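These protein sequence lines map, in sequence, to chains A and B.
Counting in this note's numbering, the final residue of the first sequence is number 328, and the numbers go up one at a time with none missing.
Counting in this note's numbering, the final residue of the second sequence is number 956, and the numbers go up one at a time with none missing.
Note that CB positions come from ideal geometry on N, CA and C, so glycine has one too.
All values reported here derive from a predicted model rather than from experimental measurement.
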Amino acid sequence: MTTTPTSRFADTRPNPWVTFTLRRLGRLTVSLAVLITASFAMIHLVPGDPVRAALGVSASPELVEARKHALGLDRSLPDQFGSFVAGLLQGDLGESIGAGMPVAEIISDRLPSTMQIAAIAFVTTIVVAVPLGMAAGVFTRHGRRRRLELAFVGATSVVAVLPEFLLAVGLAAIFGAQLGWLPVALKDGPESYVLPVLALAIGPVAALSRIVRVETLRVLDEDYMRTARAKRLPTRILYVRHALPNLLTSSLTLGGLMLAGLLTGTVLVENVFAWPGLGMTMVQAIIQKDYPLVQGVVLVYGTLALLINFTVDIVLAIADPNSTIRES
Amino acid sequence: MSFTQRLRRTLRTPLGIVTMFAVFVLLVVAIIGPIFWQDTADRVDTTAIGRGGSAEHWFGTDALGRDIAARMIVATRLTLELTLGAVVIGGVGGFVLGTLPTVLGPRLARLVTALVNLLIAFPTLLFVLFLAIVFGVGTHGAVLAIGIGIVPTFARLIQNLAASVAGSDYVASARILGVGRFRLIVRHILPNIAEPVALFLFQAGAGILLAFSGLSFLGLGVQPPDYDWGRLLNEQLNRVYTHPESAVGPAVAIVLTGLAFNLVGEVLSQAGGRRGLRTAADRDHRATVPAPSDDPNGTAGDGTGPAPLLEVDRLRITFPGGHVAVRDVSLSVAPGEAVGIVGESGSGKSLTALAVAGLVPYPARVTARSITFDGVDPTAGARLGTSLSMVFQDPMASLNPALTIGRQLSEVAEVHLGHNRTQAMKRAVDRLRAVRIPDPEHRSGMRPSEFSGGMRQRTMIAMGLMGEPRLVIADEPTTALDVTVQAQVLALLRDVRTKSGAAVLMISHDIAVVSQVCERVMVMYAGRVVEELPTGDLVTGTAHPYTRALIGAVPDMTTDRGLPLVTIAGRPPGPGEDTPGCPFAPRCELATDRCHTDEPALERIDAARRVACWHPVITPPEARIETE
């Protein structure tokens, strides 16, 4: 597609960027609406009386009624939904049944810890998986080093099926309990980040580096790599300047898709390492049947996942406008 | 080979045997476990609370003194049952949601697709947790939550598969025959997507097993007094510091069973031919290469002209399996000379050019008595990019889509001429101007996708001029271009020669193109040079029947357009079709018995011409029409 100056002015069709962004925004809005409705509906869908469940069987009927009134659960459904949405717009997520504190306050207290390990794990994944996959591709090209290839493919496929919580338990057992090198619980200083981040990142590193290797093999066989070799460029320039950008888009697409999963992976990992984040809050709230708190956390996790996917879409469209925008 | 046959063959491989063994062990443990070990697993022993691993209790005992190993064995059945239950729920739900768009009208179909898209936007774990809360914490809630949790992913898969099958010819013809929608799914679509669906369900099984363990581990799945592996892990987790074996036991069971599910998936996918077993030929990439034969007639260069700039002596390129793609080709190029190599696809002309630059692709093997360029061996790459430059065909694929044009040119000057960035970019713009790219300052900032085909090819030539080339090897430089642009590029190549004094080695399948730029032409057929002659002799002085046929196939202004275009009957020998005798003999009108048994060598017929033919047509010089 070549844009000459004349066609640029004559073109009256809407800018593809505008259409693309509007469509994605529309999709995001619908998803958010569904998420809000679902989290509102949750408290009414749970089997039994949620307030009774939270306060326990020994609580007096008067107390249950009073708490229900305080939570607004005795009003009509449309009325409740209205005030729920109105509260959301003001950043009010209701009040925790168990702690008696505003849900928004608990979440804003816990959210940063979760975001920290998720973000560090994501950066670690990209920084480790891309060079690792590229190196594996370069070294095992043309069927050379069969044993290295087997070891790489074998190890990454085993690690990729390990769920985060088992990795977390394994890491805690080895580095925490056996070797005693690293703290295994609570957030306390930089070294306490190591194991949670590792537990989150190891699986994505294995999965992503396999994909990067396959992409590397594909890119190295492209004609433009032959052109680059015909220019007798240093190996570093050959791989970093000529190969890397061409395998980055597809690798980052998959990396981006992993990001939302990585965020929810914190739910399990935080519970192994007693990490004071959103995930641990959520599980405790579910067990204590503190539904307003669960509702708030589900809402926050869901919104973050949707925002991440939206951002990844936009970033990829900027990185590779041809394929992404046309596809949509 | 049918799927059942392939499956049987796959099951005999080491992978298949390991898989069958794993499945067998799992089933046996699941069936007999609760029968034999239920009592041991439930026996409370207050004298042995929280013990570590020992000969009596392999993985120790729990907080009530119960044997963890026995509890693990007993939990196998529940764990597998729950996994199976969720797979069934997810499978049925996903199948219904996935095939609905095919059955429903277009409007409802779009609604279902939109719903699936909407659900898929949420991470599975979050969706499962949400469902687990709604269905109530406990075993039933967890089975439902995880089963429904995989519905969106599975429905998407079915939708995609069904859509690909639904677009096929046999479904279209069934539709025309008036086959009902439901029948269409059951009879026509389902059997054709059964394989990938089965594969997915087993892989999903592994995921579900792990998800269950995850939920139970969080305390949201199986509730006491029941227990599955995840629950056991949850109970033992806090002891990971004192008696790690207690927690490691259930963890290992979960991982191994998950791997077993994946192995079954792997076996199915191999039997389904999706990731075929490695063939023997694939391993055989180090085939031995025969040494070049001692052929005294193959000498290149005659010592009459100036010392050659490029001299190739008996170049041979072999592929695994013994196919010889280039057979003892010798050639020489004098400084400033333009030489063309002409031949059909597969004649080995491009490989010859790549061999000079040391860029022959894997897995071909290159041998030669000697290759010298400007006094050194160029295949080591010592002159590449500077005095020896390459211009490739198909400039869309040969230019890097991720880098700007200017960057791809300027890096040559930066790396080889020691220019800084500004100097190098100035030189790049200068070279782009030399190949008549309009507004080169602006266009050097563009990427190849913003260039037209002709501009890209000119850019390739400009790239070849970034060093100070003494030889430009142009591999099919005009193939992808229309006639007008082709003429421009050829004019440019001639211009480059006159201005820079560089020699040109031009590869083309088009003898007309070569004759416009080169003084001398080498004709290749089936990996051999069959004739070498000055361009001026092409019209009337050709000696080899193949060259004559090639010339005859080029239409000119006098060609009768009422007649079909002249072609050469037959086809060149394919890879591995090496027969004794002259390779052109089967297509040659002049062939005799000798042509089919003995191979003619490339013999010199006069100072400028060589030919490999038993029956060359020798035209005396005085009878030739001078075309230059």
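No Cβ-Cβ contact shorter than 8 Å links A790(B) with V817(B).
DSSP places Y555(B) outside both helix and strand once states are collapsed to three, so it counts as coil. Taking a beta-carbon distance threshold of 8 Å, S726(B) counts as an interface residue toward chain A. Residue nearest to R509(B) within the set V525(B), A522(B), A358(B) and A490(B) is A490(B) (criterion: CA-CA distance). Neighbours of Q178(A) in chain B, taken as residues whose beta carbon is under 8 Å from its own, are P572 in chain order. Secondary structure of T375(B) (DSSP, three-state): coil. K677(B) is not a Cβ neighbour of M788(B), given a cutoff of 8 Å.
By the criterion of at least three beta-carbon pairs nearer than 8 Å, the stretch 715 to 731 of chain B is in contact with the stretch 240 to 254 of chain A.
When beta bridges are read from the DSSP output, L716(B) appears opposite L712(B) and L799(B). Contact annotation for D722(B) against chain A: D223 [CB-CB distance below 8 Å, chain order]. Rounded to the nearest whole angstrom, the C-alpha separation of G674(B) and A854(B) is 7 Å. For the C-beta of S31(A), the chain B residues within less than 7 Å are, from N- to C-terminus, L446 and A449.
Ranking A228(A), L32(A), T124(A) and V64(A) by CA distance to the CA of G98(A) puts V64(A) first.
From the beta-carbon of V583(B), the residues of chain A found nearer than 7 Å are L162 and L166.
DSSP places M101(A) in no beta strand (DSSP E); its state is neither H nor E. When rounded, the separation of the alpha-carbon atoms in V945(B) and I879(B) is 14 Å.
In the three-state reduction of the DSSP assignment, Y690(B) falls in the coil class, being assigned neither a helical nor a strand state. Residues A599 of the same chain have their beta carbon placed closer than 6 Å to that of L335(B), with the five preceding and five following residues left out of the count. Under the three-pair Cβ rule at 8 Å, the stretch 743 to 753 of chain B does not count as touching the stretch 247 to 265 of chain A. For A490(B), the uninterrupted alpha helix (DSSP H) segment begins and ends at V479 to A494. It is roughly 16 Å from the alpha-carbon of F273(A) to the alpha-carbon of A579(B). Runs of the alpha helix (DSSP H) lying entirely within the stretch 60 to 109 of chain A, each at least 4 residues long, are 61 to 71 and 77 to 89 in chain order.
DSSP places G413(B) within a helical segment (H, G or I) once states are collapsed to three. Here M794(B) is buried. Its C-beta has 16 or more other C-beta atoms within 10 Å. At a cut-off of 8 Å between beta carbons, Y690(B) contacts chain A. At the C-beta level, Y239(A) and A725(B) stay beyond 8 Å of one another. At least one CB atom of chain A sits nearer than 8 Å to the CB of I461(B). Closest by C-alpha distance to L77(A), out of L307(A), M42(A) and V103(A), is M42(A). For Y301(A), the neighbours in chain B by C-beta distance under 7 Å run, in chain order, L454.
Judged by DSSP secondary structure, S658(B) falls within the beta strand (DSSP E) whose first and last residues are V652 to V661. Nearest Cα to T124(A) within the set A206(A), I211(A), R226(A) and L186(A): A206(A).
The C-alpha of A494(B) is placed about 47 Å away from the C-alpha of P362(B). Contact annotation, V867(B) with C941(B): C-beta distance approximately 19 Å; criterion of less than 8 Å not satisfied.
Using a Cβ-Cβ cut-off of 8 Å, N748(B) does not count as an interface residue toward chain A, since no Cβ of chain A sits closer than that to its own. The beta-carbon distance between P797(B) and S836(B), rounded to whole angstroms, is 19 Å. This is too long to meet the 8 Å contact definition. Any Cβ of chain B closer than 8 Å to the Cβ of P112(A) would place that residue at the interface, and such an atom is absent.
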